[in-house]
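Here the structure is laid out as structure tokens; the discussion comes afterwards.
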Amino acid sequence: MAGVSTACVMLAALFWGLSGGIGGMLMADGWDPLVVSFYRGAIGLLFVLAWLALRPGGSGLADRRLWGWSLMAGLGVAGNFTFYFVSISQGSVAVAATLMYCAPVFVFLVSFALRLERPTPLKWAAIAMVMLGIVLLTRIYDIQPGGVTPIGVIAGLLAGLSYALFIFGFKYAAPHGSPQATLVIAFAVLSLILFPLGDTGQTLSALGTPSWPLFVTLGVLGAGVSFILYVVGLNDTAPAVAAIVAMVEPVTASLFGILLLDERLVGLELVGMGLILLTVTALSVSSSTR
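Residues 0 to 289 (numbering that gives the first Met the number 0) are what the sequence shown spells out, left to right.
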């Protein structure tokens, strides 16, 4: 079972990586990042609703604490999807995915502030390494026309921060109800937030255009199937193993951008990406093992 569970987590990370590339294709065709984010979450909502209908036991939907933490998770996932796609539209899939992968750093910083985690010189050194990696990856010291914009850098980091918010909300909702109930509330919150914020004309017409297969694929892989696989897989996967396997996501997204979207990473950008991926993975493994 452990092997099957690890495979589920790996597949989830692979699908999340592919979703960045699919979103990049849609935005290259002129679709609004908010519309792309809405459909990713709204189609995901249909899947987790079906999951809840099949396994309604212990949902906790009558518990106000579940709703409170799930609302936080919904705000986090809405911000994560939106800022991620904005970052892609302002830069590249590889840079956006790697910046979002910095989420554990934000979790550590929040944990330090709330005294849930004890800061140590090694952890601060790791965080400093990630910051250096961000500088090298994004080349914020020498931004060129056509490269990653300051908005792209900020949005990528906000995607990671939003994902950290989702992690906290999901974690603290867990004792009060089932994961499927938490995800239903979270994706419903996402849909209610993003529908009025996006281009209404694009939102209403999207599934009637030639781009509809990409929207459906994005929702199925990027939210529906992937979140279910990830939650189910975590049941029998060691946290340290899950932390390592999660690196599949930014690697997959980067390869998608390079192979299908004609993106390029060279020299110090690759060094920066390597610093971020290796340091964040080491931080996650160290924390989850302890």
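We treat Cβ as the ideally placed atom computed from N, Cα and C, and that holds for glycine.
All values derive from a computational prediction rather than experimental measurement.
Pairwise C-alpha distance: residue j and residue i
i           : j           : result
residue 39  : residue 169 : 19 Å
residue 173 : residue 266 : 43 Å
residue 60  : residue 123 : 39 Å
residue 167 : residue 71  : 8 Å
residue 84  : residue 95  : 8 Å
residue 118 : residue 206 : 48 Å
residue 4   : residue 152 : 34 Å
residue 125 : residue 115 : 18 Å
residue 45  : residue 121 : 43 Å
residue 79  : residue 236 : 24 Å
residue 52  : residue 197 : 29 Å
CB contact flag (residue i, residue j, <8 Å)
i           : j           : result
residue 131 : residue 274 : yes
residue 187 : residue 82  : no
residue 135 : residue 270 : yes
residue 37  : residue 190 : yes
residue 264 : residue 93  : yes
residue 210 : residue 50  : no
residue 22  : residue 35  : yes
residue 304 : residue 249 : The question about residue 304 has no answer here: the residues shown for the chain are numbered 0 through 289.
residue 260 : residue 77  : no
residue 42  : residue 219 : yes
residue 232 : residue 165 : no
Run of the alpha helix (DSSP H) containing residue i, from where it starts to where it stops
i           : result
residue 66  : 63-88
residue 94  : 92-99
residue 252 : 247-259
residue 39  : 32-53
residue 266 : No alpha helix (DSSP H) contains residue 266, which DSSP labels as neither H nor E.
residue 206 : Taken as a continuous stretch (DSSP letters only), residue 206 belongs to no alpha helix (DSSP H), as it is neither H nor E.
residue 106 : 102-112
residue 188 : 178-196
Same chain, Cβ closer than 8 Å to residue i, neighbours up to 5 away in sequence not counted
i           : result
residue 228 : 7, 8, 10, 11 and 14
residue 47  : 179, 182, 183, 186, 223, 226 and 227
residue 25  : 35, 210, 213, 214 and 217
Same chain, Cβ closer than 6 Å to residue i, neighbours up to 5 away in sequence not counted
i           : result
residue 150 : 89
residue 91  : 256 and 262
residue 268 : 136
residue 346 : Residue 346 is absent from the model: the chain starts at 0 and stops at 289.
residue 246 : 276 and 280
residue 175 : 59, 62, 64 and 65
7 Å Cβ shell around residue i - same chain, five flanking residues per side excluded
i           : result
residue 128 : 274 and 278
residue 244 : 5, 8, 9 and 12
residue 234 : 4
residue 171 : 68
Check your understanding: Given 8 Å as the limit, is there contact between the stretch 63-76 and the stretch 15-28, that is, 3 or more CB pairs closer than that?
Key -> Not touching, per the Cβ criterion.
Exercise for review: Evaluate contact between the stretch 104-116 and the stretch 243-262, counting only Cβ atoms and requiring at least three cross-stretch pairs below 8 Å.
Suggested key: Contact between the stretch 104-116 and the stretch 243-262 is absent: fewer than 3 CB-CB pairs across the two stretches fall below 8 Å.
Practice item. Tell me, please, whether the stretch 42-60 touches the stretch 197-209 by the rule of three or more beta-carbon pairs shorter than 8 Å. Key: Pairwise C-beta distances place the stretch 42-60 out of contact with the stretch 197-209, as fewer than three of them are shorter than 8 Å.
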